[in-house]
Every structure is written in structure tokens, then in C-alpha cells.
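Protein chains: 2
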Amino acid sequence: MTRLDIFPVDGLPEIGRGDDIAAMICDAVELVDGDIVIVTQKIISKAEGKIVEIDATDPLSHKPLVEQESVRILRRRGELIISETKHGFVCANAGIDLSNVERGTAALLPDDSDRSARRIRDRIRGRFGVGVGVIISDTFGRPWRRGVTDVAIGSAGVQVILDLRGTPDALGREMQVTEVALVDELASAAELVMGKSTGIPVAIIRGGPAEWLGESNVREDIVRAPSDDLFR
Amino acid sequence: MTRLDIFPVDGLPEIGRGDDIAAMICDAVELVDGDIVIVTQKIISKAEGKIVEIDATDPLSHKPLVEQESVRILRRRGELIISETKHGFVCANAGIDLSNVERGTAALLPDDSDRSARRIRDRIRGRFGVGVGVIISDTFGRPWRRGVTDVAIGSAGVQVILDLRGTPDALGREMQVTEVALVDELASAAELVMGKSTGIPVAIIRGGPAEWLGESNVREDIVRAPSDDLFR
Numbered sequence: 032m033t034r035l036d037i038f039p040v041d042g043l044p045e046i047g048r049g050d051d052i053a054a055m056i057c058d059a060v061e062l063v064d065g066d067i068v069i070v071t072q073k074i075i076s077k078a079e080g081k082i083v084e085i086d087a088t089d090p091l092s093h094k095p096l097v098e099q100e101s102v103r104i105l106r107r108r109g110e111l112i113i114s115e116t117k118h119g120f121v122c123a124n125a126g127i128d129l130s131n132v133e134r135g136t137a138a139l140l141p142d143d144s145d146r147s148a149r150r151i152r153d154r155i156r157g158r159f160g161v162g163v164g165v166i167i168s169d170t171f172g173r174p175w176r177r178g179v180t181d182v183a184i185g186s187a188g189v190q191v192i193l194d195l196r197g198t199p200d201a202l203g204r205e206m207q208v209t210e211v212a213l214v215d216e217l218a219s220a221a222e223l224v225m226g227k228s229t230g231i232p233v234a235i236i237r238g239g240p241a242e243w244l245g246e247s248n249v250r251e252d253i254v255r256a257p258s259d260d261l262f263r
Numbered sequence: 032m033t034r035l036d037i038f039p040v041d042g043l044p045e046i047g048r049g050d051d052i053a054a055m056i057c058d059a060v061e062l063v064d065g066d067i068v069i070v071t072q073k074i075i076s077k078a079e080g081k082i083v084e085i086d087a088t089d090p091l092s093h094k095p096l097v098e099q100e101s102v103r104i105l106r107r108r109g110e111l112i113i114s115e116t117k118h119g120f121v122c123a124n125a126g127i128d129l130s131n132v133e134r135g136t137a138a139l140l141p142d143d144s145d146r147s148a149r150r151i152r153d154r155i156r157g158r159f160g161v162g163v164g165v166i167i168s169d170t171f172g173r174p175w176r177r178g179v180t181d182v183a184i185g186s187a188g189v190q191v192i193l194d195l196r197g198t199p200d201a202l203g204r205e206m207q208v209t210e211v212a213l214v215d216e217l218a219s220a221a222e223l224v225m226g227k228s229t230g231i232p233v234a235i236i237r238g239g240p241a242e243w244l245g246e247s248n249v250r251e252d253i254v255r256a257p258s259d260d261l262f263r
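Protein chains in written order, with the working numbering: chain H, 32 to 263; chain Z, 32 to 263.
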């Protein structure tokens with residue numbers, strides 16, 4: 032029986048360019064093998080220098096950045112742009128975020144969040160000897176349903192998709208619903224303890240089964256090819 | 032600090048028409064005030080008699096049901112139909128499910144999953160004196176990203192949307208991202224301990240803050256009006 036313990040990592044300092052997030056996490060919490068460490072995109076962007084200046088007096092000054100970070104605009108309505116980013120994510124405003132950054136600045140998405148996750152995972156393993164999975168999470172809206180949820184934009188050491196094709200269901204029939212987006216469910220679960228207003232950027236999910244761990248990454252395994260997509 | 036304990040409810044019997052799910056849950060687990068009880072749609076459909084016979088020898092025999100349960104077809108590709116159900120949900124095959132039901136039958140969505148959730152919540156409170164939130168969950172795909180996640184199709188006693196508009200972020204600025212789909216994040220978190228192949232239909236999320244509880248329902252608060260939707 033899987034029983035999960037989900038808790039935020041308190042006491043992290045404000046993150047700046049070049050900071051060693053893996054070491055900061057390990058200073059703040061005693062990780063154990065098999066933990067899933069969820070890190071919000073915002074502090075990755077800060078550590079990787081993806082903070083850019085914008086005109087604080089102009090509420091639309093980040094809009095040229097949205098165009099720059101996008102490869103395809105899907106929808107516009109008023110100031111809202113839904114686009115496909117150069118990373119392949121479809122989201123509002125190309126994932127550019129003005130909250131929890133200094134006034135007059137905006138946070139762009141990391142260039143390669145899977146790589147960011149790998150670096151943190153490798154550093155935790157190399158320096159602290161603990162084998163964890165790492166997920167970089169961000170907050171996306173979705174069509175048809177109000178509200179935002181957190182999803183994974185990068186990962187390392189954790190199965191992105193649990194492929195249950197061929198697995199019998201509880202009545203012994205082969206399952207129809209086969210590919211569970213594990214990393215997105217983990218990102219959403221972690222958001223529950225981070226909270227948007229408290230500024231806690233890291234959470235731990237402890238107790239998951241061994242089959243959650245593995246090699247895969249979000250960009251290859253989650254992003255649906257435009258040719259497979261009915262809504263692009 | 033929010034710290035969550037998420038665990039499945041083991042030992043529930045197979046559910047049949049007319050069964051008292053609330054009593055069965057309370058027999059299987061000792062609930063405490065503030066628990067969120069997540070129940071998968073499948074057993075609600077079974078208890079409410081939403082199981083219909085189909086031709087087991089014809090893999091497409093549930094397709095007329097999909098049309099019957101839909102008010103609008105959004106996309107078709109091969110055998111896949113993405114439609115808006117009469118409840119307002121946009122999903123594949125109108126939420127009709129052939130896994131974890133007897134061969135030769137299909138499970139339709141409950142008529143009103145918010146009402147189903149209210150009944151369970153009220154019965155747990157009335158008979159067992161415990162104040163809980165209840166979520167009815169189902170497994171939906173989504174555009175742009177591979178894999179499925181669990182979302183809420185009904186709820187009672189739990190905030191559907193956490194509205195953070197006007198809340199300052201950690202740096203004291205007003206938040207941009209404002210409406211968190213709490214019930215969907217809770218449904219995804221619960222799925223992590225239920226698993227699709229184990230047939231565990233109920234999970235508990237314990238430890239959430241008091242502000243998660245409240246009156247609201249999925250159909251009014253999550254389903255986005257077609258006129259507000261950029262992808263319909």
C-alpha cells in the first residue's frame with residue numbers, strides 16, 4: 032500500500048543567480064532514498080539567470096517577451112496569449128511570470144528544465160549520496176476547466192508516464208486508460224503544500240513505490256507532438 | 032505549515048447498486064474532521080445504477096452511448112471522440128468507461144456528481160458525526176500533454192477554487208495567478224495512492240488547512256462556460 036507524506040521545505044533563503052539549489056535543499060531537509068523533490072520553476076529561473084528587466088510602469092511591457100519565447104500563437108483574447116513555447120509547452124503568456132519576482136522584472140522559463148532537474152538530482156546524489164527524483168513544476172491553466180494546476184516542466188530520475196498498457200484491471204481485464212501522467216500528478220500534489228502566497232518553492236513527496244523512479248524526461252515524454260494533437 | 036498524509040482505503044467490498052458508500056468507507060477507516068475523502072467515479076456509477084449493457088463482442092458497441100451522453104462533439108479521430116458531456120465536461124468518449132466493470136457492461140458518468148458527493152458528505156456527518164470534504168474523481172486526458180490525470184467531477188464541503196486574487200505574493204505584490212483548482216489537485220494527489228490497476232476506489236487526504244473546506248460545487252465553479260472558453 033502506497034502512503035504518501037507530502038511536506039514543504041521551510042527555511043530556504045531567497046534564491047539568486049548561481050545559487051546551488053541542491054545544496055540549499057539538503058541543508059534544509061534530510062532527504063532519504065526514493066524521495067521526490069519538487070522545485071518550482073521560479074527559483075530555477077532565478078538561479079539560472081532567466082530574470083529580465085521590464086518597464087514596471089507599463090503593464091504590457093512583458094508582451095514582446097511572450098512573442099519572443101513563443102514559436103506558435105494558438106489563441107489571443109485581449110491581453111491573454113495562449114502559445115506554444117520554444118520548449119513545446121502550450122500555456123498562457125509563454126510561461127513568463129511577474130509574481131514572486133522583483134517589481135520591474137519578469138521570470139522566463141528555464142532553457143531546459145529537464146537538464147535543470149538532472150543537475151539537481153545528480154548533485155544531491157553526488158554530494159549527499161541520496162537517490163531522489165526531481166521535478167521542476169510550473170502553474171498552467173487548461174481549456175474547459177477554470178483554475179490553474181501545477182504541472183511538470185522538467186524531471187529527472189522519476190517516471191514521467193506510468194504506462195499501464197497490458198496491465199490487468201481489478202477484474203482481470205486489460206486496462207483502457209493506460210498512460211498516467213505521473214509527474215503532473217506529483218506536481219499538483221506538491222502544490223497543495225507549497226501554496227502560491229507563501230513563497231515556499233520546494234516540497235517533498237515521500238513514500239512512493241520504487242517503480243516511480245526511472246529515467247525519462249518531460250520534454251520527450253509529456254509534450255505531445257503537434258501532429259498527434261487534436262487541439263493545435 | 033501544511034503537511035499532508037495521503038492514503039488509500041483498503042478493504043472496501045465490491046460495490047453494487049444501492050450500496051451505502053458512506054457507511055462502507057466509515058467501516059473501513061476512522062475519519063477525522065477535516066479529512067478530504069476522494070471517491071472514484073466508477074463506484075458511484077455502480078452504486079447509482081449507471082451501468083449499462085453493451086455487446087461484449089463488438090469493440091465499438093459503446094459508441095452510440097457516447098453520442099447519447101454528449102451535447103457537442105469537439106473532435107473525432109478514428110474511434111476517439113472528444114465531446115462535451117451533458118454535465119459540461121469535455122473529455123474522451125463522454126466519460127464512459129469499460130475498465131473495472133464486468134465484461135459486457137459500461138459505466139456512464141453519474142447524473143450529478145456534486146449531488147453524489149453531497150449525499151456521502153451528509154451521511155458521514157449525520158451518521159458518524161465527522162465533518163469531511165468529499166470529491167468524486169475521474170480520469171481525463173488533456174490537450175497538448177500526453178497522459179491522463181485525475182480531476183474532480185463532483186464535490187461537497189471542499190473549496191473547488193482557491194481564489195487568491197488580491198492576496199500578496201511572497202514579495203508583497205498582488206498575485207497574478209489567482210485561481211487554483213484545488214479539487215483537481217486533490218483528485219490528482221489521491222490518484223497517486225489509488226492506482227489504476229489495484230482497484231482501490233477511495234483515498235483520504237489528511238492535514239489540509241481549514242480554508243480548504245467550504246461550500247461550492249464542481250459543476251458551477253469548475254466548468255468553464257463555452258463563451259469564456261478559447262478552445263471550444
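Think of the CB as a built atom: it goes at the ideal place given N, C-alpha and C, for glycine as much as any other residue.
Other residues of its chain near residue i: CB distance less than 7 Å, five sequence neighbours each side excluded
i	result
residue 47(H)	77
residue 44(Z)	55
residue 57(Z)	155 and 159
residue 161(Z)	62, 63, 64 and 155
residue 60(Z)	40 and 235
Cβ shell of residue i (< 6 Å), same chain only, five flanking positions each side left out
i	result
residue 264(H)	Residue 264(H) is absent from the structure shown; chain H starts at 32 and stops at 263.
residue 140(H)	126
residue 237(Z)	36 and 66
residue 181(Z)	168, 170, 218, 219 and 222
residue 71(Z)	168 and 232
residue 153(Z)	none
residue 75(Z)	141, 147 and 167
C-beta neighbour in chain Z for residue i, strict 8 Å
i	result
residue 96(H)	no
residue 244(H)	no
residue 219(H)	yes
residue 145(H)	no
residue 223(H)	yes
residue 153(H)	no
residue 36(H)	yes
residue 212(H)	yes
residue 261(H)	yes
residue 251(H)	no
residue 89(H)	no
residue 173(H)	yes
Cβ separation of residue i and residue j, assumed to be a contact under 8 Å, to the nearest whole Å
i	j	result
residue 253(Z)	residue 183(Z)	7 Å
residue 111(Z)	residue 217(H)	Actually they are not in contact, since the Cβ atoms of residue 111(Z) and residue 217(H) sit about 27 Å apart, beyond 8 Å.
residue 176(H)	residue 255(Z)	6 Å
residue 185(Z)	residue 164(Z)	Not really, about 12 Å apart at Cβ, beyond 8 Å.
residue 38(Z)	residue 173(H)	Contact flag wrong, Cβ pair sits at about 28 Å.
residue 213(Z)	residue 193(Z)	5 Å
residue 249(H)	residue 145(H)	6 Å
residue 247(Z)	residue 191(Z)	4 Å
Min CB distance residue i to chain H below 8 Å
i	result
residue 32(Z)	yes
residue 136(Z)	no
residue 62(Z)	no
residue 148(Z)	no
residue 84(Z)	no
residue 255(Z)	yes
residue 127(Z)	no
residue 167(Z)	no
Assigned exposure category for residue i - 16 Cβ within 10 Å defines buried
i	result
residue 128(H)	buried
residue 104(H)	exposed
residue 99(Z)	exposed
residue 121(H)	buried
residue 89(H)	exposed
residue 107(Z)	exposed
residue 239(H)	buried
residue 63(Z)	exposed
residue 241(Z)	exposed
residue 215(H)	buried
residue 119(H)	buried
residue 91(Z)	exposed
Beta-carbon proximity list for residue i, same chain, < 8 Å, skipping 5 on both sides
i	result
residue 101(H)	112, 114, 115, 116, 117 and 125
residue 135(Z)	84, 85, 86 and 87
residue 49(H)	78 and 80
residue 93(H)	85, 124, 127, 129 and 137
residue 109(H)	none
residue 97(Z)	112, 114, 124, 125 and 127
Exercise. Mind listing which residues of the region 175–188 of chain H have their C-beta closer than 9 Å to chain Z's C-betas, in chain order?
Worked result: 175, 176, 177, 178, 179, 180, 181 and 182
Problem set entry | Where the region 93–122 of chain Z meets chain H: residues whose CB sits under 7 Å from a CB there | 106, 108, 113 and 121: these are the residues of the region 93–122 of chain Z whose beta carbon lies less than 7 Å from some beta carbon of chain H, given in chain order.
For this session: Using a Cβ-Cβ cut-off of less than 7 Å, give me the residues of the region 40–74 of chain Z that come near chain H, in sequence order.
Result: 41
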